[in-house]
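Residue numbers (this note's numbering), protein chains in the order written: chain A, 1 to 114; chain B, 115 to 224. Beta carbons: idealized from backbone N, C-alpha and C, even for Gly. Below: the structure, in structure tokens.
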């Protein structure tokens, strides 16, 4: 069974631009979560989607948004990029909602903002 | 105070030694506990998933949960150079929130 697939693997953007990251969950998984990972802060929760509905949201500004499609694939968008948005963005999928079933992560999208 | 505290290390051990990693958590509502392994330039890989207090073993890996002390541990027996990675502990609590430790870097020296 294929794992969680994230595209693209690497992105370089300029301050003020916007970016869209894509995630395909493991087949059959209906929950998709997004995390930001930085050396200083570790893994920080962005949001979780289940059956196309946002179920949980972390403490990130409104510039960070996401959505989930009917096939469970998910996208994350960051508008008006700032230097501090440089990070590894990880997508994780699970069978059900977080907790009741474990998260399986993709290899992430490394975003660099210059 | 972070919800999950984890000593970042790094922790260096000789090949064949037992690696012992620990995390503490502050919220008694934590229910499920996980350990992840993350290699450089890769996403976290699920190693262990457990619910109850006690030990869970999977090959060379043992996860230990002590809910009364709010303490979770991971032991790696017969460590190999391929075990060199960052290990992350995590726990879930109310409304399906998941909190991660910052990760503990482990280096196994051949």
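- DSSP, read as helix, strand or coil, puts residue 197(B) in helix.
- By alpha-carbon distance to residue 14(A), the top candidate from 82(A), 4(A), 96(A), 95(A) is 82(A).
- The three-state reading of DSSP puts residue 103(A) in coil, since its state is none of H, G, I, E or B.
- Distance from the CA atom of residue 109(A) to the CA atom of residue 186(B), rounded to whole angstroms, is 30 Å.
- Taking a Cβ-Cβ cut-off of 9 Å, the neighbours of residue 163(B) in chain A comprise 101, 102, given in sequence order.
- An exposed status is given to residue 12(A), since fewer than 16 other beta-carbon atoms sit within 10 Å of its beta-carbon.
- For the pair of segments examined, the region 136-143 of chain B was found not to touch the region 60-69 of chain A: the number of CB pairs separated by less than 8 Å stays below three.
- Comparing alpha carbon positions, the residue from 77(A), 68(A), 42(A), 35(A) closest to residue 92(A) is 35(A).
- Taking 8 Å as the CB threshold, residue 107(A) lines the interface with chain B.
- Two segments are said to touch when three or more pairs of C-beta atoms, one from each, lie closer than 8 Å; by this definition the region 23-39 of chain A does not touch the region 198-206 of chain B.
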